[in-house]
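Note sheet for the following structure.
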Amino acid sequence: MLACLPIGRFIRLGDVAVKSTNLLWRCAFVRNFVAYADHMFDELPQRDLSSLNSQLSCYLRTGNPNGTLALFLEMYRGSSDLSSHTFTPVLGACALLSYPETGRQVHALMIKEGAETGTISKTALINMYSKQGHLVDSVTVFESVEEKDVVSWNALLSGFLRNGKGKEALGVFSAMYRERVEISEFTLSSVVKTCASLKILQQGKQVHSMVLVTGRDLVVLGTAMISFYSSVGLISEAMKVYVSLNVHTDEVMLNSLISGCIRNRDYKEAFLLMSRQRPNVRVLISSLAGCSDNSDLWIGKQIHCVALRNDFVSDSKLCNGLMDMYGKSGQIVQASTLFESIPSKSVVSWTSMIDAYAVNGDGVKALEIFREMCEEGSGVLPNSVTFLVVLSACAHAGLVEEGKECFSMMKEKYLLVPGTEHYVCFIDILSKAGDIEEIWRLVERMLESNNMNIPCAIWVAVLSACSLNMDVTRGEYVARRLMEEESGPENASIYVLVSNFYAAIGKWDLVEELRGKLKHKGLVKAAGHSSFI
DNA sequence: TTAGGGTTAG
């Protein structure tokens, strides 16, 4: 990987705003940096390397990553004296601000300065890459760590978790056992969260036992356990954890339990718990998310009232939550009124509003808001979630040309790489328009560029398209590929899909064969064993 | 100087 890094292309940070063609970077740079660079450093009493490094991490710790980057820029301009202690907070700031190119450039500079070696520096790189979604780079750095410690392992584990790779995160946990790494409370915390994201009850209970055995950081780990039990629908178990810990003053823990109660529709308990502390913005936002998921307008309105009484409605994140709740409950007028009331609309505000129109069946209005967002005056740029929402709106409303336009705009104007979900959505748009030829051209391009490796979800979308458009030959090809690649009983939905395709084209013998196989697989039970070891 | 618990959009 190191050979691929842009050392030769390293540009002074100060010049990047002019030279980079990356639109996102350019906007972020102009908006955030210039104000800092001019004012902040003359007042520093000492300017030796050690005090400057402390200042860098101080900015980061106090929630001012722009300050970290601005000071680094100043140091880079004024001195060639940089140490590994300089780079770790800078990498943290890059990760926080989502400056992908800057992170790579800092990595390149670390190599140039000889500051890239050592477990701590490399762990900071593992985190930076994983926080920016570059898991492959993160893993490559991890593999290059000569003396891996529990922190570098934990960084790898939480990196997988952060990027939605729960199974891989559990794989890291197993590897830690194999390698006899002494796990820490940080490891357990990430594993609990992984179990929650995968909604795997048995493994989560196993980790709960480990938590009880270690007996460390029970407030933090207890909160993670409360979230876990809430997410698998066992709010009574979450409550037991809360009661057993006998810690009733920790706001984070109480917030977790309250939003868990809302998510599990235990409203009486939620409001009882809420009365134990002064309401705070965070608990209302997470409770609203629960209402959105449950489409529970009545409770959402109650929370809106609590927010009004406590003067929280000036908080734009809370407004986003309210807007989403109203949108998902079909109250488009209320959602729109809230949207208009937000003075500085973020990409989340815009995306929520677009989605509200989309899920209420008004694809045309969703596109109108999207276009408004893309105008220069809006001050925000659409991201990959925005495009997913817009493509989904086009798919549902049958807006084929608009969908095509958005898909190419995403790649060409906003330099965003479409993910699997975007392709699935786009294939759906083309399928509904009957354009199976265009779908196939897309598949062929993906086969060429991805070295024959296309995610299963995309093949599923293509097979649905073949089914809908009665393309028997290509459908059979896709069905064969899917059956070759997918073999576990956990993929029963693939069997059903392929079987439905054969039914649609009248090949009943194959339908029967598949149903037999599915039945057989369903009867095969795995031998009992520990889930992790 | 590195990792963990409760917030908003898919």
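One rule links them: number in the numbering used here = place in the first sequence (from 1) + 15. Even glycine gets a Cβ: it sits at the ideal position worked out from N, Cα and C.
- Of all alpha-carbon atoms in Ser246, Val400, Asp486 and Arg460, the one lying nearest the alpha-carbon of Glu436 is that of Val400.
- Annotation for Ala108: the continuous alpha helix (DSSP H) segment containing it runs Ser99 to Leu112.
- Within a 10 Å sphere around the beta-carbon of Pro80 sit 16 or more other beta-carbons, which makes this residue buried.
- Going by DSSP, Asp339 is part of the alpha helix (DSSP H) stretching over Ser331 to Lys343.
- The Cβ neighbour count for Arg456, taken over all protein chains shown within 10 Å, is under 16; the residue is labelled exposed.
- A distance below 8 angstroms separates the beta carbons of Met268 and Val262.
- Taking one beta carbon from each stretch, the region 354-363 and the region 306-323 have fewer than 3 pairs nearer than 8 angstroms; the two do not touch.
- Within the same chain, and ignoring the five residues on either side of Glu162 in sequence, the residues whose Cβ sits closer than 8 angstroms to its Cβ are Thr134.
- Taking the CA atoms as reference points, Lys380 sits about 8 angstroms from Ile369.
- In this chain, the alpha helix (DSSP H) harbouring Ala410 covers Ser399 to Ala412.
- About 5 angstroms separates the beta carbons of Leu288 and Ile273, which is inside the 8 angstroms limit, making them a contact pair.
- Contact between Ile314 and Ile277 holds, with the beta-carbon distance rounding to 7 angstroms and staying under 8 angstroms.
- At the C-beta level, Leu512 and Val475 come within 8 angstroms of one another.
- Per DSSP, Thr366 is one residue of the alpha helix (DSSP H) stretching across Val362 to Val374.
- Annotation for Ser302: the continuous alpha helix (DSSP H) segment containing it runs Val296 to Asn309.
- With contacts defined by Cβ atoms closer than 8 angstroms, Lys214 and Ser246 form a contacting pair.
- Looking only at Gly521, Phe516, Tyr510 and Ala519, the smallest Cα-Cα distance to Gly531 is reached by Tyr510.
- A straight line joining the alpha-carbon of Ser66 with that of Ser72 spans about 10 angstroms.
- Distance from the CA of Met340 to the CA of Phe286, rounded to the nearest whole angstrom, comes to 18 angstroms.
- By the criterion of a C-beta distance shorter than 7 angstroms, Leu64 is surrounded in its chain by Asp96 and Ser98, once the five residues flanking it on both sides are discounted.
- Less than 8 angstroms separates the beta-carbon of Ser136 from that of Phe102.
- C-alpha of Glu355 to C-alpha of Leu333: approximately 14 angstroms in a straight line.
- Within the model, the alpha-carbon separation for Asp281 versus Gly275 is close to 8 angstroms.
- Val222 sits away from Val234, with the two beta carbons spaced by 8 angstroms or more.
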